[in-house]
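Colleague: Residue numbers (full-length UniProt numbering): 1 to 256.
The C-beta atom is built at its ideal place from N, Cα and C for all residues, glycine as well.
Keep in mind the model is a prediction, meaning the values are calculated, not measured.
One structure coming up, written as structure tokens, with questions to follow.
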Amino acid sequence: MTGSLSPSVCKLDRLTTLIVADWKGISGDIPACITTLPHLRILDLVGNQISGMIPANIGQLSRLTVLNVADNLITGSIPASIVNLQSLMHLDLSNNRLSGPLPSDLGKLTMMSRALLSRNQLTGSIPSSLANIYRLADLDLSMNQISDSNQISGSIPASLFSNSGLSIINLSRNNLDGFIPDVFGPKSYFTALDLSYNNLKGAVPKSMSNAKYIGHMDLSHNHLCGSIPASSAFDHLDASSFTANDCLCGMPLRTC
Numbered sequence: 001m002t003g004s005l006s007p008s009v010c011k012l013d014r015l016t017t018l019i020v021a022d023w024k025g026i027s028g029d030i031p032a033c034i035t036t037l038p039h040l041r042i043l044d045l046v047g048n049q050i051s052g053m054i055p056a057n058i059g060q061l062s063r064l065t066v067l068n069v070a071d072n073l074i075t076g077s078i079p080a081s082i083v084n085l086q087s088l089m090h091l092d093l094s095n096n097r098l099s100g101p102l103p104s105d106l107g108k109l110t111m112m113s114r115a116l117l118s119r120n121q122l123t124g125s126i127p128s129s130l131a132n133i134y135r136l137a138d139l140d141l142s143m144n145q146i147s148d149s150n151q152i153s154g155s156i157p158a159s160l161f162s163n164s165g166l167s168i169i170n171l172s173r174n175n176l177d178g179f180i181p182d183v184f185g186p187k188s189y190f191t192a193l194d195l196s197y198n199n200l201k202g203a204v205p206k207s208m209s210n211a212k213y214i215g216h217m218d219l220s221h222n223h224l225c226g227s228i229p230a231s232s233a234f235d236h237l238d239a240s241s242f243t244a245n246d247c248l249c250g251m252p253l254r255t256c
């Protein structure tokens, strides 16, 4: 299926769902007038060849719960108005050509449970406001160019790991530096924690040994050093979780 999204769709002023998913051949821009559809709840355009930018006034869609434009050719920055989508639960902008920083007040999206922004060209720091999204369970910022301007306190906001609802964090393949925050505790429960291929330094936090559960963890390809904390939370992990660091030791690596 080929073609483009016609602006005539904006005449459907009672439209609640627009799904044009995985048609592969749909190209052109997202019509700017789509932001005038007051009842739109689901906008799913994944898996096409849509280009141009996300409409600047996307935040006008006050009832939108799903915004999925992944696997397209979308450029430009994430519109500042996106933080006005107070009903948004699922955000997937992954695998596009988005650039610029993440909105600093992204934490206003308090209903959001998934934020998937991987494989873009995003830069800047991780907003600490993300910790305000108590429903957030899945955060994927991997394979971007995210770094942190605060070289003292570290590149990953400590509050991100103290959010007890966040169970999947993927920050791999960025330019993150600083230390892994030492803020893990008995409520920390991660099905996946991937910080690999960054420039993180220091030790593996001792508080990680207090975590209730860590399923998949990858800290490889950083500049970590020191002894890996002895913990039953790490018993199922193999050397690949810690390999290619500066001087880590202890199980499952060589003895210290």
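How should I152 be labelled, buried or exposed, when 16 other C-beta atoms within 10 angstroms of its C-beta is the threshold for buried?
Modeller: Note that I152 scores 23 on pLDDT, short of 50, meaning its location in the model is unreliable; the coordinates nonetheless yield the value given after this. Exposed, because fewer than 16 other Cβ atoms sit within 10 Å of the Cβ of I152.
Colleague: Give me the Cα-Cα distance between S113 and R135, rounded to the nearest whole angstrom.
Modeller: 5 Å
Colleague: What is the C-beta distance between A233 and P252, in whole angstroms, given that I count them as a contact (C-beta under 8 Å)?
Modeller: Not really, about 13 Å apart at Cβ, beyond 8 Å.
Colleague: How many Å lie between L40 and C33 at the Cα?
Modeller: 12 Å
Colleague: Can you list, in chain order, the residues of its chain whose CB lies under 6 Å from that of A115, leaving out five sequence neighbours each side?
Modeller: Here the set comprises L91, L139.
Colleague: Pick helix, strand or coil for residue 267, following the three-state DSSP scheme.
Modeller: A query on residue 267 cannot be resolved here, the shown segment of the chain reaching from 1 to 256 and no further.
Colleague: In three-state DSSP terms, what is N222?
Modeller: coil
Colleague: Could you tell me which whole beta strand (DSSP E) segments of length 3 or greater appear in the stretch 5–46?
Modeller: 17–19, 25–28, 42–44
Colleague: Return the residue from the list F190, C225, D182, S162 that minimises the CA-CA distance to N170.
Modeller: That would be F190, whose Cα lies nearest to the Cα of N170.
Colleague: Taking S209 as the reference, which of P186, D218, C247, N222 has the closest Cα?
Modeller: With distances taken between Cα atoms, S209 lies closest to P186.
Colleague: What residues match up with C249 in a beta bridge as DSSP calls it?
Modeller: Beta bridge pairing from DSSP links C249 with S227.
Colleague: Please classify M1 as buried or exposed, where buried requires at least 16 neighbouring CB atoms within 10 angstroms.
Modeller: exposed
Colleague: Measuring alpha carbon to alpha carbon, tell me which residue in N72, A137, K206 is nearest P181.
Modeller: K206
Colleague: In the structure shown, what three-state DSSP assignment does S99 receive?
Modeller: strand
Colleague: Cα separation between S51 and P38?
Modeller: 24 Å
Colleague: Which of the three DSSP states is assigned to V66 in this structure?
Modeller: strand
Colleague: One question on the structure: do L45 and A21 come within less than 8 Å of each other, judged by their Cβ atoms?
Modeller: yes
Colleague: Should L130 and G107 be called a contact, given that it needs their Cβ atoms to be closer than 8 Å?
Modeller: yes
Colleague: If we ignore side chains and look at the alpha-carbon of each, how far apart do W23 and I78 end up?
Modeller: 24 Å
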